[in-house]
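Protein sequences appear in the order of chains A and B. Take the first sequence: its position 59, counted from the start at 1, is 58 in numbering that gives the first Met the number 0, and no numbers get skipped. Take the second sequence: its position 15, counted from the start at 1, is 14 in numbering that gives the first Met the number 0, and no numbers get skipped.
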Amino acid sequence: MEYTIQSQPSYSVLEVTLDENDSIAAEAGAMTWMSDNIRMSTSTRGGALTGLRRSVLGGESFFQNTYHTEGGQGQLGLAPGQPGDIVAYDMQGDNLYLEKSAYLASGQNVRIDSKFEGLRGLFNEGLFILRASGRGKLFFNSYGDIQEIEVDGSYIVDNSHAVAWEPTLEYRITRGRKIRSFLFSDQLLLRFTGQGKLWVQSRNPQALASWVYPFRSMASKSGEGE
Amino acid sequence: MASYTISQKGSYGSVLVELAPAEGFISEAGAMFRASANIDIDVTTRSRGSGGLMSGVKRLLAGESFFFSTYRSIDGRRGEIGLAPTLAGEVAVIECSGTNRWLCAGGSYLGSTEGLRLDTQFQGLRGVFSGESLSFMAVEGQGDLLVSAFGSIREIEVDGELTVDTGHVVAFEESLDYTLGRAGGSWIQSMLASEGVVLNFSGHGRLYVQSHNPDEFGSSLGGLMPPRES
C-alpha cells in the first residue's frame, strides 16, 4: 500500500494506492473517490461485539468499510469529516489511543476497539476512547492542525484538543493550583505523564459550536404554527 | 522575556509562547490548549492593576469572556504554553512600545504579556445602533500583544486616511484618529449596500485587518440552524 497526504494541514485528504489483494479499512463516509476496480465491503470488523463497542461506546461507526482491489492496482481518496490534519502512524504491535472521531483509516492488520475510561472519561470527552492495536498503518485526523509533542515527564493539554497518544503515557484530569480555576474556567485539562508521543489539535470543534450558537435566531415566544 | 513560535501553516494559526522563569502571561480564558507541566494556571477577572470584578462585568457586556487566564512557571525553569483562537485564521504578535495605546477588537484578543494593562472601551451608543458589537480592548504599556484574525491577517501602515469595515478591524495604534461612519452616503444607502458601519482612520499609525468578518460568518451559519428557545 502506498499513500500520500495532500493539502495539509487545513484540508488534508489521504490518497491511497492499493496493490492486488491489498485492502484498507476506513471510517464510514470517508471515501471521496475510488477507481473502478476497487470493491467495498461493509462489516463490523472483528465481530458484532467489537462493532457495537466501537459505535455505542467509542463514538465511531458500527460498521467499517473495507476497500480492496480486483485486478491490478487501484486508487481511492479518503477524507475526514472535519477540515484539518492527518497523521500516518506505524503500528508495530503496540496500542495507540485515539479520541473519538479521530480515526480515519487503517491497514488490514490493525484492529480498532473501544477502551473504558472510567470516571475520568465521564468528565472528559466520554466514557470510552478508541484503542488501535496490531501492525500496519493507522491514519488519524484532527480539526485544525496537529502538533506532535514528545512528552518526557509530564505535559498538560486541554481535553478538547487531545487527539492521540502512545500507551506509554498515562493521563489524569488536572486543574490549576487554585480551586477557583477549576470552578470558573470552562476548561478541563489533562495531565499526561510518562514518556511517549502525544498529538494535539490546534482548534476545538466544541468551541466553534458554542461560538456559532448565539447567531441562531430566537424562536417566537407565542409558539404559533407549531 | 517571552519568545514566540507562530505556527502558521494553512488556516489554523496558533502560538507557542515560551516563558522565562517566573514570567507571567495572560490570555482569554480557554485559549490555552497545551502547556508544559511546570505552568501554574489561574483564572482572574482582572489584568494587572485594572479592574477587579467590575472589569469582568464590563467585558461580559462587551461580549467578551468574563475571565482571563494567567500562566506562570513555578519551578524556576522555563515553561511553554500554546494558545489558539476559536475560529480558523492566522495569529500575529504585536510589540507594544508603550508610546501609544492599542485598541483591539474583543474577538481578536488572544493573549498578552503581564506588563500590559487591559481595559474594555465602549464606543458609545452609535455602536449599539449599528448592530455590530463595537467595543475595543484598550491595551496600554510596554509588552507583547497576541491577536488572532478570522482568515488572513494584514498589517497596514496608515499614513493619511483609510476606511475599514468594523467587522474587519483586528487592532490599531491609538496614534490614529478614528471616527465611526457609514460606507455609503447615507444610512439608508449603507443598509441597502449591506455595508454597515465603518471606521474612518486618519493620521499615522499601524493597523491590522482580517480578511473575513466573523459576524457575517456567524450569521450565515446561524441562519441555517433551528431557532433557539432563549
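Cβ atoms here follow ideal geometry from the backbone N, Cα and C, with glycine treated the same way. Keep in mind that this is a model prediction, so the values were computed, not measured.
Query: Interface residues of chain C around Met31 of chain B at Cβ under 8 angstroms?; Result: In the structure shown, chain C cannot be found, because the protein chains are A and B.
Query: Less than 8 angstroms separating the beta-carbons of Glu147 of chain A and Lys196 of chain A?; Result: yes
Query: Compute the Euclidean distance between the alpha carbons of Val138 of chain B and Leu117 of chain B, then round it to the nearest angstrom.; Result: 5 angstroms
Query: Pick helix, strand or coil for Asn99 of chain B, following the three-state DSSP scheme.; Result: coil
Query: Decide if the segment 71-78 of chain B is in contact with the segment 194-214 of chain A; the criterion is three or more beta carbon pairs, one per stretch, under 8 angstroms apart.; Result: no
Query: Suppose the cutoff is 8 angstroms on Cβ atoms and the five residues either side in sequence are ignored; what does the same chain contact list for Leu18 of chain B look like?; Result: Ala1, Phe24, Ile38, Tyr70, Arg71, Ser72, Arg77, Gly78, Glu79 and Ile80
Query: Only counting the same chain, and skipping five residues up and downstream in sequence, which positions put a Cβ closer than 8 angstroms to that of Asn212 of chain B?; Result: Phe149, Asp164, Gly166 and His167
Query: Using the Cα positions of Ala91 of chain B and Gly152 of chain A, report the straight-line distance between them to the nearest angstrom.; Result: 31 angstroms
Query: Quick check on this structure: which residue in A:Ser100, A:Leu137 and A:Asp84 has the alpha carbon closest to the alpha carbon of Arg110 of chain A?; Result: A:Leu137
Query: Can you find a CB in chain A that lies within less than 8 angstroms of the CB of Tyr11 of chain B?; Result: yes
Query: Could you pull the DSSP bridge partners for Glu156 of chain B from this structure?; Result: B:Arg205
Query: From this set, A:Ser9, A:Ile37 and A:Tyr10, which residue's C-alpha is nearest Thr16 of chain A's C-alpha?; Result: A:Ile37
Query: Could you check where the beta strand (DSSP E) with Asp143 of chain B kicks off and where it finishes?; Result: Gly142 to Ser147
Query: Assign His160 of chain A to one of three DSSP states: helix, strand, or coil.; Result: helix
Query: Which term fits Val160 of chain A, buried or exposed, when burial requires 16 or more other beta carbons within 10 angstroms of its beta carbon?; Result: Note that residue 160 of chain A is His in the sequence shown here, rather than Val. So His160 of chain A ends up on the buried side.
Query: Let me see if you follow: with CB-CB separation under 8 angstroms, is Ser111 of chain B close to chain A or not?; Result: no
Query: By the three-class DSSP mapping on this structure, what secondary structure does Val215 of chain B have?; Result: Rather than Val, the amino acid found at residue 215 of chain B in this sequence is Glu. Note: Glu215 of chain B maps to helix in three-state DSSP.
Query: By alpha-carbon positions, which one of B:Val42, B:Ala28 and B:Val16 ends up nearest to Ser239 of chain B?; Result: Because chain B here runs from 0 to 229, residue 239 of chain B falls outside it and cannot be looked at.
Query: So for Ala1 of chain B, helix, strand or coil by DSSP?; Result: coil
Query: Check whether the Cβ atoms of Ser10 of chain B and Ser9 of chain A sit closer than 8 angstroms, and answer yes or no.; Result: yes
Query: What does the alpha-carbon distance come out to for the pair Phe191 of chain A and Ile145 of chain A?; Result: 17 angstroms
Query: What residue from B:Ile40, B:Asp158, B:Gly159 and B:Leu86 has the CA that sits closest to Glu22 of chain B's CA?; Result: B:Ile40
Query: Determine the burial state of Tyr212 of chain A: buried for a count of at least 16 other Cβ atoms within 10 Å of its Cβ, exposed for fewer.; Result: exposed
Query: Among the residues of its own chain, which have a CB less than 6 angstroms from the CB of Arg153 of chain B, if the five just before and after it don't count?; Result: Val208
Query: According to the neighbour-count rule (16 or more other Cβ atoms, all chains shown, within 10 Å of its Cβ), is Leu188 of chain A buried or exposed?; Result: buried
Query: Starting from Glu172 of chain B, follow its DSSP beta bridges and name the residues at the other end.; Result: B:Trp101
Query: Under a three-way DSSP split, which group does Phe67 of chain B fall into?; Result: strand
Query: Identify the continuous alpha helix (DSSP H) that holds Leu129 of chain A and give its terminal residues.; Result: Unbroken run through Leu129 of chain A is the beta strand (DSSP E), Phe127 to Asn140; no alpha helix (DSSP H).
Query: Which of the three DSSP states is assigned to Gly221 of chain B in this structure?; Result: helix
Query: Pull up the distance between the alpha-carbon of Arg134 of chain A and that of Asn94 of chain A, whole angstroms please.; Result: 9 angstroms
Query: So, using beta-carbon positions, are Thr68 of chain A and Asp35 of chain A closer together than 8 angstroms?; Result: no
Query: What's the gap between the Cα of Ser147 of chain B and the Cα of Leu115 of chain B?; Result: 17 angstroms
Query: Is Leu161 of chain B near the ligand PLP, judged by its Cβ being under 7 angstroms from some heavy atom?; Result: Within the structure as shown, the ligand PLP is missing, as the structure has no ligands at all.
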